[in-house]
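Trainee: Going line by line, the protein sequences match chains A and B.
Sequential numbering of the first sequence, starting at 86, is according to the numbering used here.
Sequential numbering of the second sequence, starting at 15, is according to the numbering used here.
The beta-carbon is built from N, C-alpha and C at its ideal position, and this holds for glycine as well.
I have a structure here, written as structure tokens, and I will follow up with some questions on it.
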Amino acid sequence: MTRLALFSVAVALAAASLDVAIGLPLAYLLGRRRFPGRRALEAILCLPLVLPPTVTGFALLVLFGHRGVLGLALDRAFGLTVPFTPAANVLAAATVAFPLFLRTARAAIEAVPAEHVLDARALGLSPWRAATRVVLPLASRGLWAGAALAVGRALGEFGATLMLAGDVPGRTQTLSLGVFDAALRGNDGRAAALSLLLVAISFALLLPASALERAR
Amino acid sequence: MIRTHGLRAMLGDFPLGPIDLDLPRGALGLLVGPSGAGKTSALRALAGIIPSTGAIEIAGGRVEALPPERRPLGWVPQGGGLFPHLTAAGNVELVRAASAPPALELLARVGAAPLAARRPQALSGGERLRVALARALARQAPVLLLDEPFAAIDRSGTSSLAALVRELCAGGVTALVVSHDIERARDADWLGILCRGRLLVGGPPRELLASEAGGELGELLRG
């Protein structure tokens with residue numbers, strides 16, 4: 086059970102890190118630049134929020150599967166196979182949790198008054214330094230809150246993970262998959278224990294996240 | 015020195031300019047006008063943070079084609095515009111040029127050394143302006159642009175800040191101050207009156223205020 090919990094937390098942290106790495110530049114772009122198609126871009130990026138996770142998982146399987154465009158490319162370039170590996174856990178969880186980070190981060194970056202950015206530039210800061218030394222620090226609470234939400238969502242990921250990573254005990258099984266597995270086998274005690282563990286970990290994560298959001 | 019020729023920018027519903035300005039080294043210029051006249055936009059155009067056309071010369075070099083970070087000027091936005099996530103010293107340090115004195119020394123120069131560790135939220139209006147002035151000096155620029163520096167501070171704070179700016183000018187800095195208050199005109203070497211984006215008059219304040227046009231405009235601005 087400890088191994089399952091550690092694996093789930095590791096997957097969730099890796100997925101959220103991937104979300105931050107990809108989402109932060111996009112959130113900055115969406116929050117501070119005005120360009121045609123901005124709303125449409127955000128809507129597309131946030132699709133995993135409203136799509137059934139099975140649909141997201143199926144799309145990932147089509148893209149990263151053995152015959153998918155990206156799956157083939159990864160296999161040829163690095164000899165990497167995604168489906169039914171821990172990498173699939175991370176990818177599925179990162180995709181589903183991505184909109185939560187993106188939306189929270191975009192809102193936080195957008196909320197930084199434009200005057201601060203103009204002043205930073207007039208004071209001699211380059212666009213890069215104005216972004217990293219003024220805008221991002223001022224948005225930091227929202228960025229942390231978004232990252233915590235992404236970890237929480239990634240931890241609870243089930244549908245897309247089942248499609249892409251499967252439920253391989255000792256390899257791709259996470260806490261949420263473990264609950265499903267135990268319940269399916271009629272092992273209610275184990276299902277309950279795993280559920281409680283998941284609730285405890287999620288609560289420990291979300292508490293600081295909501296505190297950060299309130300403090301904004 | 016600040017010199018502009020045919021400086022124009024686009025404001026919300028009316029054009030700004032053309033503005034022709036010629037402030038020699040060490041001069042204190044004052045640009046007055048009612049709110050919405052385009053005073054802040056004129057400063058922003060000089061600083062390069064809004065698009066503009068026309069020639070801008072600062073300390074002998076043409077800067078209109080340069081990005082803001084390469085225009086040699088110190089910037090004091092309205093209310094000080096201190097970054098709330100940094101202390102007073104942190105604000106100064108953020109923009110400090112490598113060749114400039116340490117942040118504490120710059121703060122001391124404006125009488126704000128005891129405020130170094132304080133956050134902007136814990137400073138009064140006058141204190142914020144002083145820190146903002148120290149921050150503007152941290153670029154060691156020959157030109158200072160100040161947007162409504164006297165708007166949020168009391169009378170004694172105003173006169174000590176005005177004296178400080180005067181002192182900097184005596185040291186060779188050229189300052190352009192924007193204000194809605196024509197009272198400050200007696201401190202200035204040059205006075206410009208801006209109304210709905212147009213520079214109505216510009217020249218030595220004594221001459222302008224003595225002339226009948228100046229008198230009327232003074233009434234208008236006071237009223």
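#1: In chain order, which alpha helix (DSSP H) runs of at least 4 residues are fully inside the stretch 225-290 of chain A?
#2: Taking CB distances under 8 angstroms as the criterion, tell me whether Asp273 (chain A) reaches chain B.
#3: Relative to the alpha-carbon of His99 (chain B), which residue among A:Ala101, A:Val220, A:Leu234 and A:Ala235 has its alpha-carbon at the smallest distance?
#4: With C-beta atoms as the reference, is Ala130 (chain B) less than 8 angstroms away from Leu121 (chain B)?
#5: Between which two residues does the beta strand (DSSP E) holding Pro32 (chain B) run?
#6: Evaluate Met86 (chain A) with the Cβ neighbour count: other Cβ atoms within 10 Å of its Cβ, from every protein chain shown; 16 or more gives buried, anything less gives exposed.
#7: Among residues of its own chain, excluding the 5 on either side of Arg85 (chain B), which ones have a beta-carbon nearer than 7 angstroms to its beta-carbon?
#8: Give the secondary structure of Gly237 (chain B) by DSSP, where H, G and I count as helix, E and B as strand, and everything else as coil.
#9: State the beta-bridge partners of Ser193 (chain B) as determined by DSSP.
#10: How would you write the range of the beta strand (DSSP E) that His19 (chain B) sits in, first residue to last?
#11: For Gly186 (chain B), tell me which candidate among B:Leu151, B:Gly52, B:Leu25 and B:Arg132 has the shortest Cα-Cα distance.
#12: Give a yes or no on whether the C-beta atoms belonging to Leu148 (chain A) and Gly156 (chain A) are separated by under 8 angstroms.
#13: Could you have a look at Val197 (chain A) and say whether DSSP puts it in helix, strand or coil?
#14: Can you check the stretch 138-165 of chain B for any beta strand (DSSP E) of at least 3 residues that lies completely inside it and give the ranges in chain order?
#15: So is Arg218 (chain A) in contact with chain B if we call contact Cβ pairs under 8 angstroms?
#16: The beta strand (DSSP E) spanning Ser113 (chain B) covers which residue range?
#17: Can you confirm whether the stretch 123-139 of chain B touches the stretch 94-108 of chain B when touching is taken to mean that 3 or more C-beta pairs between the two stretches lie within less than 8 angstroms?
#18: In chain A, which residues lie less than 7 angstroms from Phe97 (chain B) when you measure between Cβ atoms?
Mentor: Looking at the atomic coordinates:
#1: Entirely contained in the stretch 225-290 of chain A, the alpha helix (DSSP H) runs reaching 4 residues are, in chain order, 225-240, 244-249 and 260-269.
#2: no
#3: A:Val220
#4: yes
#5: Where Pro32 (chain B) is concerned, the enclosing beta strand (DSSP E) stretches over Pro29 to Leu37.
#6: exposed
#7: Ala61, Gly62, Ile72 and Val77
#8: For Gly237 (chain B), the pLDDT reaches just 44, beneath the cut-off of 50, and the residue's location in the model is therefore unreliable, leaving the point undetermined.
#9: Beta-bridge pairing links Ser193 (chain B) to B:Val46.
#10: Ile16 to Met24
#11: The candidate whose alpha carbon is nearest that of Gly186 (chain B) is B:Leu151.
#12: yes
#13: coil
#14: With a minimum length of 3 residues, the continuous beta strand (DSSP E) runs that stay inside the stretch 138-165 of chain B are 157-161.
#15: yes
#16: Taken as a continuous stretch (DSSP letters only), Ser113 (chain B) belongs to no beta strand (DSSP E), as it is neither H nor E.
#17: yes
#18: Here the neighbours are His201 and Val219.
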